[in-house]
Every structure is written in structure tokens, then in C-alpha cells.
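Novice: What follows is a single structure, and I will ask about it in a moment.
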Amino acid sequence: MASKLKPGWLKQPKDINAFSPAIWPRDAKRNASGELELGGVAVSELTSQFGTPLYVIDEDEFRARALSVKNALQDAAKKIGTTAKVYYAGKVFLSGAVVKWVDELGLNVDVASAGELALVLASGVDPKRIGLHGNNKSLTEIGRAVSAGVGAIVVDSEIEIERIAAAAGAQEKVQPVRIRVNTGVHAHTHEFLATGREDQKFGIAIDDVPTLVAKIRESSNLEFLGLHSHIGSQIFSVDGFVEAAKRLVRLHAELLKGGKVPELNMGGGFGINYTEADNAPDIAQFAEQIADAVAAACAEHGIKVPKLAFEPGRAIAGTPGVTLYTVGTIKDVSLEAGVRKYVSIDGGMSDNLRTALYQADYTVRLASRVSSVDPALVRVVGRHCESGDVVVRDDYLPGDVSNGDTLVVAATGAYCFSLSSNYNYLTRPPVVSVRSGKARLIVRGETEADLFDRDVELHDKFATPNKDSQ
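Residue numbering for the sequence shown follows full-length UniProt numbering, starting at 1 and increasing by one per position.
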């Protein structure tokens, strides 16, 4: 009966205790006691030291994926006679440690706000290797970016041209800029993740670009780098990138008639596996197909292949991150189609909003032990006062899942920490990196004192005493 409740894509796992390398960090494994180890660190050690919920990042997995993606994109560019800048899309997950990792590996960093910019600058990244995005950049953000000397600001509307030029002029600087083009390409992804469609807030229509590029070229304080495109996120098919390349190169060729256009930024959005039903692209193959499409379009228009740029994020950070939770209440809910087991955890939509926001699917496993009991169809839900507070809509766990068990949810390294909140006044969890059998705290978890710190009425009552005044 329970099978009538499950979606068609969900298959009962052959081994409910196994961790597929297509979804989990490659060194995720069970130790002799049956509990999960990540980066050589047992789950029990992590939970006893840091509690739950807990974000965990496998540093070796993160570094390996960052390097693999970077090399794939740069190798593909080299094969068509050009080079590629690779930006880590910081919006997926930023911390001082993560920025240090990508910086050491030679990736640039893409930011989308003054806060993200400040964090990356504070982490020691060369400003010339930073790109600033945003559909509504404030005058302050633009001024800070120009002052810092960022390598590129992505123009998202006509008024930004005037604002960036004014800020650069006031500081007697020349600011490099790109124009974000709304190509009209419809990527095959969730509606909210498809950012290249005509009816949405990002970018400038193709027909309007030549006029705005001419305006940029008229300013002595602006340098036009080229076009930028981002057709969406969590994309599995290369077709959208190929079509975007055709449209962008056609426009690129037209703009060359009026001056230099050194770069072409194809954006990011490469998908990853969240469940066994997903079939994420091979990044090297994807990169070659995109590069070949650019080269073919350039040959068609009789122009030189420009320098390329890409902005992967999820493809780097997604799989290396997992989230640990402790099981609380369990309810078997009888429905006309069968029985659904609701497993409540000590986190929820405040630490993973993607399920509620995008109807995203995730994989969950029992992390603290193995079980020989038959799998049961479950829905893993949070502790918030929302019926939509679901973390894993549909998956299997051993039928004996119990209060106090530790669960682990896969592929939470992208957009979970970034979208976290204090809904219901829950504190945001800490972030820990694991590597070579050691765990390291990289983002401290919040306390109730942190929550009340900005509350004017409660600040003094909960503020930490100053040691110097004692």
C-alpha cells in the first residue's frame, strides 16, 4: 500500500545502509560500528562535540570538485584556442575558510552583495579576481566595489551604467563592466531557477544591448569586457547553453564592429545529483560541448574566439556538504493510499529552505547505526510551525528508525546555509569541515544571545559581559 504514496521516480534502495558515491562525498563510509564517517570523522564524534543540526563539509571533496570543475572548463577553452576565467559563485555558500580554499586553487569569486564582497575581501582575495552581480545594486555597493578595485561589475540595467561611471569618475578610476544579457533561452529546470527567460527580473533584452554598450563606450571611466549570461540553475541538459552561445556570439560579433569585446561569460548552473533518479552532467563533457558551440558560432560569424568565463557554484559546493539531524517524534499517518511515516527532526526549513521553496528532493540515510529492518517510506519534517516545513519529501529509512537516531541528508552544501534563517527564533547551526580524521569549526553556531543582540529592549539583558569591566 505504501508504494501508492511514493513518487514514480523513487525506488526502494537495494541496500538501505549504503552511501552512493553519485550523491554522497566519495569518502563517506560506515566504520566497524556501523556509523557513518565523513572525512575520517565518525558521526558520533561530530554530534557529541557540535550537536545537531550540523552542517558538515568534506574539505577534500570540496577541493577536488573545485579543481576538477576549474580544470574541465579551462581545458575545454584551451581546445578551442582560448582561455577561461572560472569564478566560484559565492552565493551558494561563503565563509572565510571556503573562500581561502577556492583562492588557493586559483578560482576567482563571484559575489552578489556588499556583505558577500566584504567577506571575500576580508578573506584576502585579490579584488581584481572578484566579480559583482545584482539586479539592484545600491550606490553604496557600487562605490565600495569601485573603491576596492573589483575586476568586473555586471551591469543589470541601464541606470547602473550611469551609477558605475559616476562612482568611477569620482574616484578617478576606470571600472571594467560586463552586461548581463537576457537571452530568452528557457533552461530545463524549476521555474524559479530559470533565469534566462524574458519575463523575470535579471538581465537586459538582447535588442537593447547594443545601445547600452555604446553608452558604456562613451564613458572614459568604464571599460567594456563583454557579455554575460546565466540561463538558470540545476541544469542537466547542455541544449540551453548551446542555444545561448549561438545568440550571444551573434550579438558579440555585432558589437565587435564598434570596438573591442574581449570576453564572453557563459555563467553557471551545472546540476548535481540529489537523488538516485538524478543524472547530473559530466562537467568535462558539458564544458567541451559549450566550448565547441562557442567556437562553431564564432567560425560562422568569422570572428576570433573570445576569452571565456564561467561561474559554477553548486557543482563545487553541493555534494561535499551534508547536514546531520537528531530524530524526535515519529508518526505513522494512515491515508487512503497507505501509511506515511513522518519523522520529525531538530532542524527544518530554517536550515534547509530549498524543499519548501523549490519542491527540491533530497536523499536521507540513518547515520548513527546500520539496520537490518525492512525500509519504510518516510517524510522527514522539521520542527517549525508550518505544514510546509519538510526537508525530505519522499525517501526510505529503516522501519525501526527511532527517537535519538542521527540522520544525514545529502548534498546540502549549496544554498542551505546561505538561505538559513531564524524562523521561530531557532538558532542557525554551526558549520564544520572534516579532513584526514579531524573536524574543524569554520562557522560558529548561533546562541540565543546572538538572536537577542540586535533587539534594543533585550540587548543589555543577554549581552555577554565585557571581561575588562569585571
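From the three backbone atoms N, C-alpha and C, an ideal C-beta is built for every residue, glycine too.
Treat the numbers as computed from the prediction; the structure is a model and nothing was measured.
Of the residues Ser420, Glu386, Ser368, which one's Cα is nearest the Cα of Ala42?
Specialist: Closest option to Ala42, Cα to Cα, is Ser368.
Novice: So, for Glu141: in the same chain, excluding its five sequence neighbours on each side, which residues have a beta-carbon less than 8 Å away from its beta-carbon?
Specialist: Ser113, Ala114, Leu117, Leu132, Gly134.
Novice: Can the beta-carbon of Ile216 be found closer than 8 Å to that of Val181?
Specialist: No, the pair does not count as a contact, with Cβ atoms beyond the cut-off.
Novice: Which two residues bound the contiguous beta strand (DSSP E) that contains Val322?
Specialist: From DSSP, the beta strand (DSSP E) with Val322 extends over 321 to 335.
Novice: Find out if the Cβ-Cβ distance for the pair Asp156, Phe202 is shorter than 8 Å.
Specialist: Going by C-beta atoms, Asp156 is nearer than 8 Å to Phe202.
Novice: Who are the Cβ neighbours of Ala22 in its own chain at under 6 Å, not counting the five residues just before and after it?
Specialist: The residues are Asn273.
Novice: Note down, one range per segment and in chain order, each beta strand (DSSP E) of at least 3 residues found wholly within the segment 378 to 454.
Specialist: Runs of the beta strand (DSSP E) inside the segment 378 to 454: 390 to 398, 406 to 409, 431 to 435, 438 to 443.
Novice: Alpha helix (DSSP H) containing Glu172: first to last residue?
Specialist: Counting along the chain, Glu172 falls outside any alpha helix (DSSP H), and DSSP gives it neither H nor E.
Novice: Which same chain residues, not among the five before or five after Ala165, have their C-beta less than 6 Å away from its C-beta?
Specialist: So the list reads Ser219, Asn221, Leu222, once near-sequence residues are dropped.
Novice: What is the rounded straight-line gap between the Cα of Val381 and the Cα of Ala148?
Specialist: Using only the alpha carbons, I get a separation of about 44 Å.
Novice: For His228, write down the residues that DSSP places opposite it in a beta bridge.
Specialist: Partner(s): Arg180, Asn265.
Novice: Assign Leu105 to one of three DSSP states: helix, strand, or coil.
Specialist: The answer is coil: DSSP assigns Leu105 none of H, G, I, E or B.
Novice: How big is the Cα-Cα spacing for Tyr425 and Ser350?
Specialist: Approximately 9 Å, taken between the alpha carbons.
Novice: Should the segment 386 to 393 be called in touch with the segment 295 to 302, which here means at least 3 C-beta pairs below 8 Å?
Specialist: Short answer: they don't touch.
Novice: Can the beta-carbon of Val401 be found less than 8 Å from the beta-carbon of Val343?
Specialist: Going by C-beta atoms, Val401 is nearer than 8 Å to Val343.
Novice: Given that a residue counts as buried once 16 or more other Cβ atoms are within 10 Å of its Cβ, and exposed if not, what is Ala122?
Specialist: Per the 10 Å Cβ criterion, exposed.
Novice: Write down the C-beta distance between Ser371 and Asn17 rounded to the nearest angstrom, noting that I regard them as a contact closer than 8 Å.
Specialist: Indeed, because the Cβ distance is near 7 Å, the residues count as touching under 8 Å.
Novice: To the nearest angstrom, report how far apart Ala66 and Gly8 are at their CA atoms.
Specialist: Whole-angstrom Cα-Cα distance: 33 Å.
Novice: Note down, in chain order, each residue of its chain lying with its Cβ closer than 6 Å to the Cβ of Phe452, except the 5 sequence neighbours on either side.
Specialist: Correct list, in chain order: Leu458, Phe462.
Novice: Of all the options Arg440, Arg314, Ile159, which has the alpha carbon lying nearest to the alpha carbon of residue 517?
Specialist: This structure gives no information on residue 517, because the portion of the chain shown stretches from 1 to 470.
Novice: For Glu191, which residues from the same chain have a beta carbon less than 7 Å from its beta carbon, with the 5 sequence-adjacent residues on both sides left out?
Specialist: Residue placement at Glu191 cannot be trusted, given a pLDDT of 43 that sits under 50; what the coordinates show is reported in the next sentence. Within the same chain, Glu191 has no close Cβ partners at all.
Novice: Quick check: what's the CA-CA separation for Phe62 versus Ala317?
Specialist: Distance between the alpha carbons of Phe62 and Ala317: 6 Å.
Novice: Determine which residues share a DSSP beta bridge with Ala84 and list them.
Specialist: DSSP output for Ala84 lists Leu308 as bridge partner(s).
Novice: Out of Gln49, Ser48, Asp58, which one is the CA nearest neighbour of Ala28?
Specialist: For Ala28, the nearest C-alpha among the options comes from Asp58.
Novice: Would you kindly work out how many angstroms separate the C-alpha atoms of Val213 and Phe224, rounded to a whole number?
Specialist: Between Val213 and Phe224, the C-alpha separation is close to 7 Å.
Novice: Would you call Gly269 buried or exposed, if buried means 16 or more other Cβ atoms sit within 10 Å of its Cβ?
Specialist: It is buried - the Cβ of Gly269 has at least 16 other Cβ atoms within 10 Å.
Novice: Output yes or no for whether 8 Å exceeds the beta carbon distance between Leu377 and Val327.
Specialist: In this structure, Val327 does not lie closer than 8 Å to Leu377 by Cβ.
Novice: With C-beta atoms as the reference, is Leu397 less than 8 Å away from Val364?
Specialist: Closer than 8 Å, so yes.
Novice: When the Cα of Trp101 is compared with those of Ala76, Val92, Ala64, which residue comes out closest?
Specialist: Minimum Cα distance to Trp101 is reached at Ala64.
Novice: Return the chain-ordered ranges of every alpha helix (DSSP H) run that is complete within the segment 270 to 301 and spans a minimum of 4 residues.
Specialist: For the segment 270 to 301, whole alpha helix (DSSP H) runs of length 4 or above, ordered along the chain, are 283 to 301.
Novice: Where do the N-terminal and C-terminal ends of the beta strand (DSSP E) with Arg340 fall, by residue?
Specialist: Note, Arg340: beta strand (DSSP E), 338 to 345.
Novice: Tell me the DSSP bridge mates of Ile204?
Specialist: The partner list for Ile204 (beta bridge, DSSP) reads Val181.
Novice: The alpha helix (DSSP H) spanning residue 474 covers which residue range?
Specialist: One cannot answer for residue 474 here, as it falls past the ends of the chain, which runs 1 to 470.
Novice: Take Gly348 as the anchor and find which of Lys260, Ser420, Gly40, Ala152 has the nearest alpha-carbon.
Specialist: Closest by alpha carbon: Ser420.
Novice: Can you tell me the Cα-Cα spacing of Gly34 and Glu448, whole angstroms?
Specialist: Near 35 Å, if we compare the C-alpha coordinates of Glu448 and Gly34.
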